[in-house]
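Going by numbering that gives the first Met the number 0, the sequence shown opens with residue 0, and the numbers climb by one from there.
So the structure is just underneath, and the comments pick up after that.
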Amino acid sequence: MTAALSAHELIARHRSTLDQALEAIRTRAYWSPHPEHPKAYGENGSLDAAAGKAAFDALLATRLDLGQPGTDDWVGGETSPYGIDLGVTYPHADLDVLLPAMKAGQRAWRDAGAEQRAVVCLEILKRISDRTHEFAHAVMHTSGQAFMMAFQAGGPHAQDRGLEAVAYAYVEQVRTPDNAEWTKPQGKRDPLAMTKQFTPVPRGIGLVIGCNTFPTWNGYPGLFASLATGNAVLVKPHPRAVLPLALTVQVAREVLAEAGFDPNLVALAAERPGEGIAKTLALRPEIRIIDYTGSTEFGDWLETNARQAQVYTEKAGVNTVVVHSTSDYKGMLSNLAFSLSLYSGQMCTTPQNLLVPREGISTDQGPKSYDEVVADLAKSVDGLLGDDARANALLGAIVNPDVKARLEAAAGLGEVALASREIANPDFPGAVVRTPVIVKLDGAKPDAEAAYMSECFGPVSFAVAVDSAADAAELLRRTVREKGAMTVGAYTTDPEVEQDVREVCLEEAAQLSLNLTGGVYVNQTAAFSDFHGSGGNPAASAALCDGAFVANRFRVVEVRREA
Numbered sequence: 000m001t002a003a004l005s006a007h008e009l010i011a012r013h014r015s016t017l018d019q020a021l022e023a024i025r026t027r028a029y030w031s032p033h034p035e036h037p038k039a040y041g042e043n044g045s046l047d048a049a050a051g052k053a054a055f056d057a058l059l060a061t062r063l064d065l066g067q068p069g070t071d072d073w074v075g076g077e078t079s080p081y082g083i084d085l086g087v088t089y090p091h092a093d094l095d096v097l098l099p100a101m102k103a104g105q106r107a108w109r110d111a112g113a114e115q116r117a118v119v120c121l122e123i124l125k126r127i128s129d130r131t132h133e134f135a136h137a138v139m140h141t142s143g144q145a146f147m148m149a150f151q152a153g154g155p156h157a158q159d160r161g162l163e164a165v166a167y168a169y170v171e172q173v174r175t176p177d178n179a180e181w182t183k184p185q186g187k188r189d190p191l192a193m194t195k196q197f198t199p200v201p202r203g204i205g206l207v208i209g210c211n212t213f214p215t216w217n218g219y220p221g222l223f224a225s226l227a228t229g230n231a232v233l234v235k236p237h238p239r240a241v242l243p244l245a246l247t248v249q250v251a252r253e254v255l256a257e258a259g260f261d262p263n264l265v266a267l268a269a270e271r272p273g274e275g276i277a278k279t280l281a282l283r284p285e286i287r288i289i290d291y292t293g294s295t296e297f298g299d300w301l302e303t304n305a306r307q308a309q310v311y312t313e314k315a316g317v318n319t320v321v322v323h324s325t326s327d328y329k330g331m332l333s334n335l336a337f338s339l340s341l342y343s344g345q346m347c348t349t350p351q352n353l354l355v356p357r358e359g360i361s362t363d364q365g366p367k368s369y370d371e372v373v374a375d376l377a378k379s380v381d382g383l384l385g386d387d388a389r390a391n392a393l394l395g396a397i398v399n400p401d402v403k404a405r406l407e408a409a410a411g412l413g414e415v416a417l418a419s420r421e422i423a424n425p426d427f428p429g430a431v432v433r434t435p436v437i438v439k440l441d442g443a444k445p446d447a448e449a450a451y452m453s454e455c456f457g458p459v460s461f462a463v464a465v466d467s468a469a470d471a472a473e474l475l476r477r478t479v480r481e482k483g484a485m486t487v488g489a490y491t492t493d494p495e496v497e498q499d500v501r502e503v504c505l506e507e508a509a510q511l512s513l514n515l516t517g518g519v520y521v522n523q524t525a526a527f528s529d530f531h532g533s534g535g536n537p538a539a540s541a542a543l544c545d546g547a548f549v550a551n552r553f554r555v556v557e558v559r560r561e562a
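Here's what the structure looks like:
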């Protein structure tokens, strides 16, 4: 292929960004090349708000032809959680044609080397970034996120996570030199001399199984980690959230072709309604890497059955916050209220169980009983969401009927401290918008345990009364060990309690946030600095992002000869 983008040009364009990313993952300091504010876009070829919305609107009711081999049908059917039909159709693939075509380009991609692969990936991310406004609408209307969250989480934050994966992939690949001269002294005899060459080689085709709630944020780490380490990548989106990942594949294919590589290194696997091709794909011998975000049930199935592949899963867990004491009662309540409300609790990091001593907690406003803490939290959530316009901007829409059903059923599990209410969205009358429910449970009662020891994904939280701080720590330990947790939070002014909770999290490999009362929330993580998940408890088999997330996507093959 003739390259319109030379390796030299791409390195000149993106090497400094790669170097900054490498420095950021080394120092864990704040850094991002992707602006969070919508007004930052509109120059240097990027789409501003109006152009991005127009680009999204122009996609509706069209066929997104990616030029893939093996297309045997056109499929679609996405309906926005905001009540509109997208009407976009996508290529349906004959896998026996598509998968061999994807493998055909891997040799040239492998031989390009780690640096060239990295800068090609950065060019893909740059072009996606330039279309952030367009992608934001695509994420909003497939996930149900409110626009600003779709813009930030689905745009710059997702792009950051993709770039972070590229940086880690580059580090691991260049850890071993390309060439080495080896000489071993032999006393009076001539030394033994060898010339050795080391080449990172891909495992095969990586499969990214997308999720409904965060198609780009959860999809980009695996996609770019596999691509940057030399693998072709097949993207299988969630049937209700195809568009953001289909656009991503489109951009990747364009950049690969312009850089002189086979565009079939990245392809889309859309499915017919009810086809369920994820299991079929996961067991194909060509698939050697799988990245999956979604239910525990299917994640466990992949880990058990996809034996030919290296499987990275982010499943589910029961996220817990220990509420023992605080020096900023108002700040604690405000922080928790926002964490429970953001995107209607439809985040894998949203707190579910709030463990509160039944005798109450100490605060800067004096002692507060268990009932007072729960009532005050309910008031804080109510106050945060009291204005419907503000509520819509925070809650977004309920992503699917299963979440709505769990929300409605939760009210029957215990005493309701905060009832969920319906909110109308004047811009999208078809949207299903609900405020969170908070249910009081007694941690000592076996019937309550069935509720709080099960994941209840969505805007549902349980205020669990426990006997003591020690009891809370022990319940936290059991919850993380048995069910897993993406996040753990704790509020305490007691150093011993803090140490106990910290020790539980270290032993059970759970990410801990302590005494958050300001603008950082337990369910948010920053790329290049925070680890999303740990890979050390049942909630996930991988962390986004660390060396382990990328290092086993390739192997190093040595060729040696006598000098």
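In this text, a Cβ means the ideal position worked out from N, Cα and C, and glycines have one as well.
Treat the numbers as computed from the prediction; the structure is a model and nothing was measured.
Exercise. Can you tell me which of Thr295, Ala135, Cys120 puts its alpha carbon nearest to the alpha carbon of Ser453?
Key: Thr295
Quiz item: Which whole-angstrom value is the C-beta distance of Ile288 and Gly205, which I expect to be below 8 Å?
Solution: 4 Å
Quiz prompt | Residue span of the beta strand (DSSP E) that contains Val355, given as start and end | solution = 352-356
Exercise. Would you identify the three-state DSSP class for His13, choosing helix, strand or coil?
Key: helix
Exercise. Indicate whether at least one CB of chain B lies closer than 8 Å to the CB of Ser528.
Key: As a matter of chain content, chain B is missing from the structure shown, which is built from one protein chain.
Quiz item: Helix, strand or coil: which one does DSSP assign to Glu454?
Solution: coil
Self-check item: Same chain, Cβ closer than 6 Å to Ala92, neighbours up to 5 away in sequence not counted
Solution: Gly69, Ala268
Quiz item: Where does Val317 sit, in a helix, a strand or coil, going by DSSP?
Solution: coil
Practice problem: Count the CB pairs spanning the stretch 361-377 and the stretch 469-481 that are closer than 8 Å, and state whether there are at least three. | Solution: no
Quiz prompt | Continuous beta strand (DSSP E) stretch holding Ala266: start and end | solution = 265-267
Quiz item: Taking the Cβ atom as the reference point for each residue, do Pro220 and Ala168 lie within a distance shorter than 8 Å?
Solution: no
Self-check item: Best match in Asp72, Lys439, Phe427 for proximity to Glu371 [C-alpha to C-alpha]
Solution: Lys439
Quiz item: Would Arg271 pass as a contact of Leu65 if the rule is Cβ separation under 8 Å?
Solution: no
Quiz item: According to DSSP, which residues form a beta bridge with Pro199?
Solution: Val555
Quiz prompt | DSSP three-state assignment for Gln249, whether helix, strand or coil | solution = helix
Quiz prompt | Coarse secondary structure for Arg480, derived from DSSP in three states | solution = helix
Quiz item: Are the beta-carbon atoms belonging to Pro350 and Ala468 less than 8 Å from one another?
Solution: no
Practice problem: With DSSP as the reference, label Arg287 as helix, strand or coil. | Solution: strand
Quiz item: Should Ser567 and Leu383 be called a contact, given that it needs their Cβ atoms to be closer than 8 Å?
Solution: Since the first and last residues shown for the chain are 0 and 562, residue 567 lies out of range.
Quiz prompt | Touch test, the stretch 406-417 against the stretch 306-317, Cβ-Cβ under 8 Å, three pairs minimum | solution = no
Exercise. Would you check if there are 3 or more beta carbon pairs closer than 8 Å linking the stretch 188-199 to the stretch 276-284?
Key: no
Quiz item: Around the Cβ of Gly518, are there at least 16 other Cβ atoms within 10 angstroms (buried) or fewer (exposed)?
Solution: exposed
Exercise. Report the option in Asp71, Glu77, Val398 whose CA atom is closest to the CA atom of Asp95.
Key: Asp71
Exercise. Pull up the CB-CB distance for Gly229 and Trp108, whole angstroms please, since I reckon it's below 8 Å.
Key: 6 Å
Quiz item: Going by beta carbon distance, what residues of the same chain come within less than 7 Å of Val248, once the five residues before and after it are set aside?
Solution: Leu65, Val234, Val265, Ala266, Leu267
Quiz item: Excluding sequence positions up to five away, which residues of its chain have a Cβ less than 8 Å from the Cβ of Thr61?
Solution: Gly86, Val87, Thr88
Quiz item: Within 10 angstroms of its Cβ, does His323 collect 16 or more other Cβ (buried), or is it exposed?
Solution: buried
Quiz item: Would you report the Cα separation of Met485 and Ala179, rounded to the nearest angstrom?
Solution: 42 Å
Quiz item: What residue does the alpha helix (DSSP H) around Tyr328 start on, and which one ends it?
Solution: 328-340
Quiz prompt | Range of the contiguous beta strand (DSSP E) that encloses Leu383 | solution = Run containing Leu383: none in the beta strand (DSSP E); it sits in the alpha helix (DSSP H), 369-383.
Exercise. Would you give the residue range spanned by the beta strand (DSSP E) that Lys360 belongs to?
Key: The sequence given here places Ile at residue 360; Lys does not occur at that position. Counting along the chain, Ile360 falls outside any beta strand (DSSP E), and DSSP gives it neither H nor E.
Quiz item: For the candidate residues Arg116, Pro90, Gln345, Leu17, whose alpha-carbon lies nearest to that of Val254?
Solution: Arg116
Quiz prompt | Three-pair Cβ contact test at 8 Å for the stretch 509-529 versus the stretch 128-144 | solution = no
Quiz item: Grouping DSSP H, G and I as helix and E and B as strand, with all else coil, what is Phe260?
Solution: coil
Quiz item: Counting Cβ pairs closer than 8 Å, one from the stretch 237-245 and one from the stretch 206-215, do we hit at least three?
Solution: yes
Quiz item: How big is the Cα-Cα spacing for Ala11 and Leu354?
Solution: 53 Å
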